[in-house]
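Those protein sequences? They're chains Y and D, same order as listed.
Sequential numbering of the first sequence, starting at 3, is according to the working numbering.
Sequential numbering of the second sequence, starting at 7, is according to the working numbering.
Note that beta-carbon positions come from the ideal geometry of N, C-alpha and C, so glycine has one too.
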Amino acid sequence: DTAVSQTPKYLVTQMGNDKSIKCEQNLGHDTMYWYKQDSKKFLKIMFSYNNKELIINETVPNRFSPKSPDKAHLNLHINSLELGDSAVYFCASSQMYSPSPLHFGNGTRLTVT
Amino acid sequence: AQTVTQSQPEMSVQEAETVTLSCTYDTSESDYYLFWYKQPPSRQMILVIRQEAYKQQNATENRFSVNFQKAAKSFSLKISDSQLGDAAMYFCAYRDSNTGNQFYFGTGTSLTVIP
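In structure tokens form, the structure reads like this:
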């Protein structure tokens, strides 16, 4: 059973397009995250939701909009894609106020041409 | 915000030898959690080992062990009997027990295993 699953695995699109990445976790965690990993492998937090409520909103262009319909799902919608958005995007989940580590999805490699 | 520092961007080790990856962190908290993650070329993020700050005993998982020095705020990862499959990017991560939601990652160490 996949614990954190995100789709698609690969996304190739042109500048200016809008795209979405979906994420679901079946671990019963109350907190979900989006991370961006750039070409230098730096992991940068973008957003975090706890029980559908936005709790972390780092300095991210407002072209990026997260949506959490319930605590098991966190989607990421990106408008007007730019070349600099090319990266690997990871969804992750954890349980707040516990020793739980982050459980990561397998990542989505986004390539903007 | 807490910071996590991995001062070795790249390391290499001969197969079957032992290597230690360093990690230091900055915090004023007394209770927190520390983790090491492995990211092989497949890009999957795999939890290697975890340590709870209140536990004095160093965590061990098979060939992986940590040297946790709370006073020095140091959390190094030792890989014994290195195998080709250990080649990966390794990330150190910190989590407060009080604020609970934020994880802080180091910049990673790329480990090469030489046959």
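Local conformation of residue i per DSSP, three classes
i	result
Y/Asp20	coil
D/Asp37	coil
Y/Leu104	coil
D/Asp32	strand
Y/Asp32	coil
Y/Leu85	helix
D/Asp92	helix
Y/Lys42	coil
D/Phe58	Correcting the residue identity first, residue 58 of chain D is Glu in this sequence and not Phe. Here D/Glu58 sits in strand by DSSP.
D/Met51	coil
Y/Lys73	coil
Within chain Y, partners of residue i - CB distance below 9 angstroms
i	result
D/Glu58	Pro101
D/Met95	Lys43
Amino acids of chain D, ordered along the chain, whose beta-carbon sits closer than 8 angstroms to that of residue i
i	result
Y/Gly18	Chain D residues near Y/Gly18: none, gap ~26 angstroms exceeds 8 angstroms.
Under 7 angstroms from the C-beta of residue i: neighbouring residues of chain D
i	result
Y/Lys38	In chain order: nothing, as chain D lies at least about 12 angstroms away.
Y/Asn28	Result: empty, since nearest Cβ-Cβ is about 17 angstroms, beyond 7 angstroms.
Y/Val90	Arg49
Cutoff 7 angstroms: residue i Cβ touching any chain D Cβ
i	result
Y/Gly86	no
Y/Thr33	yes
Y/Ser50	yes
Y/Leu112	no
Proximal chain Y residues relative to residue i, where beta-carbon distance stays under 7 angstroms
i	result
D/Leu53	Pro103
D/Gly114	Lys43
D/Phe111	Leu45
CB contact check: residue i to chain Y, cutoff 7 angstroms
i	result
D/Phe41	yes
D/Asn68	no
D/Asn73	no
D/Asn107	yes
CB contact check: residue i to chain A, cutoff 7 angstroms
i	result
D/Met17	Any reference to chain A falls outside this structure, whose protein chains are Y and D.
For this session: Flag this pair as touching only if the stretch 27-42 of chain D and the stretch 41-49 of chain Y have three or more C-beta atom pairs under 8 angstroms; answer yes or no.
Result: Cβ pair count under 8 angstroms is below three, so no.
Exercise. With contact counted as at least three CB pairs below 8 angstroms, one residue from each stretch, are the stretch 63-75 of chain Y and the stretch 4-14 of chain Y in contact?
Worked result: Segments in contact, no.
Exercise. Any residues in the stretch 53-83 of chain Y with a beta carbon nearer than 9 angstroms to a beta carbon of chain D? Which ones, in chain order?
Worked result: Those would be Ile57, Ile58, in chain order.
For this session: Decide yes or no for the touch test of the stretch 57-71 of chain Y against the stretch 62-79 of chain D: beta carbon pairs closer than 8 angstroms, at least 3 of them.
Result: Taking 8 angstroms as the limit for Cβ pairs, the verdict is that the stretch 62-79 of chain D does not touch the stretch 57-71 of chain Y.
Exercise. Are the stretch 90-105 of chain D and the stretch 105-114 of chain Y touching, with three or more C-beta to C-beta distances below 8 angstroms?
Worked result: Result no; under three Cβ-Cβ pairs closer than 8 angstroms.
Exercise. Would you say the stretch 9-27 of chain D touches the stretch 8-22 of chain Y, given that touching needs at least three Cβ pairs under 8 angstroms?
Worked result: The stretch 9-27 of chain D vs the stretch 8-22 of chain Y: no contact.
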